[in-house]
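Undergrad:
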Amino acid sequence: MKANIIGSSKAITDVLSLVSRVAGNDVTVLITGESGTGKEMVAETIVQQSPRKVKPFLKINCAAIPSELLESQMFGHERGAFTGAVSRQEGCFERADGGSLFLDEIGDMASMTQTKLLRVLQEQEFERIGGNETIRVDVRLIAATNKTLLEEIKRGKFREDLYYRLNVVEIHIPPLRERMEDVNELVGHFVTEFRQKYNKPELSISRQGMQTLLNYSWPGNVRELRNVIERAVVLSRTTQVESEDFPEKIRQPSLLPGDSNEEDHIFTLQEMERMYVRKVLEYAGGNKLKAARLLNIDPKTLRTKLG
7 MKANIIGSSK AITDVLSLVS RVAGNDVTVL ITGESGTGKE MVAETIVQQS PRKVKPFLKI
67 NCAAIPSELL ESQMFGHERG AFTGAVSRQE GCFERADGGS LFLDEIGDMA SMTQTKLLRV
127 LQEQEFERIG GNETIRVDVR LIAATNKTLL EEIKRGKFRE DLYYRLNVVE IHIPPLRERM
187 EDVNELVGHF VTEFRQKYNK PELSISRQGM QTLLNYSWPG NVRELRNVIE RAVVLSRTTQ
247 VESEDFPEKI RQPSLLPGDS NEEDHIFTLQ EMERMYVRKV LEYAGGNKLK AARLLNIDPK
307 TLRTKLG
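The sequence shown begins at 7 in our numbering and counts up by one.
#1: Label LYS16 either buried or exposed according to how many other C-beta atoms from any shown protein chain fall within 10 Å of its C-beta, with 16 as the threshold for buried.
#2: Can you give me the C-alpha to C-alpha distance between THR1 and THR151, rounded to a whole angstrom?
#3: Could you check whether the region 58 to 65 touches the region 231 to 250, counting it as contact only if at least three pairs of C-beta atoms, one from each stretch, sit closer than 8 Å?
#4: Find the nearest neighbour of PHE108 within the set LEU36, ARG237, GLU176 and TYR170, judged by alpha-carbon distance.
#5: Can you grab the Cα-Cα spacing for the pair GLN214 / VAL193, in whole Å?
#6: What number of angstroms, rounded off, separates the C-alpha of ASN267 from the C-alpha of LEU168?
#7: Would you call the CB atoms of THR34 and LEU182 closer than 8 Å?
#8: Is the CB-CB distance between MET47 and ILE71 below 8 Å?
#9: Looking at the secondary structure, which residues open and close the beta strand (DSSP E) in which ARG125 lies?
#10: Considering just the uninterrupted stretch of the alpha helix (DSSP H) at SER73, what are its terminal residues?
#11: Closest to GLY162 by C-alpha separation, out of ASP114, THR140, ILE135 and GLU191, would be which residue?
#12: Rounded to the nearest angstrom, what separates VAL175 and ASN205 at their Cα positions?
#13: Have a look at LEU301 and VAL283 and give me their C-alpha separation to the nearest angstrom.
#14: For MET118, count the other beta carbons within 10 Å of its own beta carbon; 16 or more makes it buried, fewer makes it exposed. Which is it?
#15: Shorter than 8 Å from the beta carbon of GLN55 to some beta carbon of chain C?
#16: Helix, strand or coil, according to DSSP, for ASN227 in the structure here?
#17: Kindly give me the distance between the Cβ atoms of ARG165 and LEU124, rounded to whole angstroms, as I take these residues to be in contact under 8 Å.
#18: Rounded to a whole number of angstroms, what is the C-alpha to C-alpha distance between ASN173 and ARG185?
#19: I need the DSSP call for ALA297, collapsed to helix, strand or coil.
#20: According to DSSP, what are the bridge partners of SER106?
#21: Report the rounded CA-to-CA distance for GLU89 versus LEU231, giving the unit in angstroms.
#22: So, at 8 Å on beta carbons, what are the nonlocal neighbours of LYS311 in its own chain, with the 5 sequence-adjacent residues on each side left out?
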């Protein structure tokens, strides 16, 4: 397991600072953020920096497993517990004993499974499906979600008591559109990764190509950026990645809310304002004093609006 959180923006610096503060103890962590922001990587980094780093680290995506199977995956089952249970099976909590367990997309977990998880968090014990033996475990739990769990609680989809057990410390990862200053560093990292993978050691990205990437708002976040760079490296016919190597929606972005490029993301006024301010700063050649004059605001206000 090797996690490498890329970025030097204040947002990512704050995330890394919080990671370093929680890693050394067993506090339960809830990682929030849109899909593709890197929640699993943050979980891996927490484990890497923890005393449990040499112990088992297991992962379950709660959205990828049918609800009737998720409980068995987590807590195990006895032989004959249900149709197809031909032998006793240990669950992830048993196999991760002494180590850590990452539950991704926990907002998709069924109510019955939530109840059993709450008991583990409170008592550090459970029974396998179909069994009577109480099993005690020592597992550090890290959870993640792209949903707003407080809204799920209001809708009756998520247990409030479980939420507060999980959310001892919350680490929120902002979307890439709110930390565009990280794009250059991320692109450099991905170009290096994929030119090695596809044996194109001389490949680089042109200035125009980079500007095209900076003009796009990345609704799919870092995952989408990585995908676009890999595609461009594969398709590039020269030693430079150009704008033409990107999909059309990247080359011709629109900032209009509801545009199909944004995958139904509705921008807030604050997000629209931040993107406009960045456009003006780009027009001013990166000169913040000039950009502030063009916007008729003072430089301190400009820095605040840039985030």
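We treat Cβ as the ideally placed atom computed from N, Cα and C, and that holds for glycine.
TA: Reading off the structure:
#1: Label assigned to LYS16: exposed.
#2: The first residue shown for the chain is 7 and the last is 313, placing residue 1 beyond what the model contains.
#3: With a cut-off of 8 Å, the region 231 to 250 and the region 58 to 65 do not count as touching, because too few Cβ pairs lie within range.
#4: Ranked by how close their Cα comes to the Cα of PHE108, the residues LEU36, ARG237, GLU176 and TYR170 have LEU36 in first place.
#5: Taking the straight line from one Cα to the other gives about 13 Å.
#6: Any reading at ASN267 needs caution, since the residue's pLDDT is 46, under 50, leaving its predicted position unreliable; the model's value is listed next. Computed Cα separation, rounded: 36 Å.
#7: Taking the C-beta atoms as reference points, LEU182 is found no nearer than 8 Å to THR34.
#8: Result no, Cβ atoms of MET47 and ILE71 do not sit closer than 8 Å.
#9: Counting along the chain, ARG125 falls outside any beta strand (DSSP E), though it belongs to the alpha helix (DSSP H) covering 117 to 129.
#10: From DSSP, the alpha helix (DSSP H) with SER73 extends over 73 to 81.
#11: Out of ASP114, THR140, ILE135 and GLU191, the CA that lies nearest to the CA of GLY162 is found in ASP114.
#12: Their backbone Cα atoms lie some 42 Å apart in a straight line.
#13: Our two residues, LEU301 and VAL283, have alpha carbons roughly 8 Å apart in a direct line.
#14: Result: exposed.
#15: The structure shown contains no chain C; it holds only a single protein chain.
#16: DSSP places ASN227 in helix when its eight states are reduced to three.
#17: Indeed they touch by this definition, with Cβ atoms about 6 Å apart.
#18: Computed Cα separation, rounded: 24 Å.
#19: Correct three-state label for ALA297: helix.
#20: In the DSSP secondary-structure assignment, SER106 is bridged to PHE63 and ARG146.
#21: The question names Glu, but residue 89 in the sequence shown is Thr. Their Cα atoms are separated by approximately 43 Å.
#22: The answer, listed in chain order, is GLU279, ARG280, VAL283 and ILE303.
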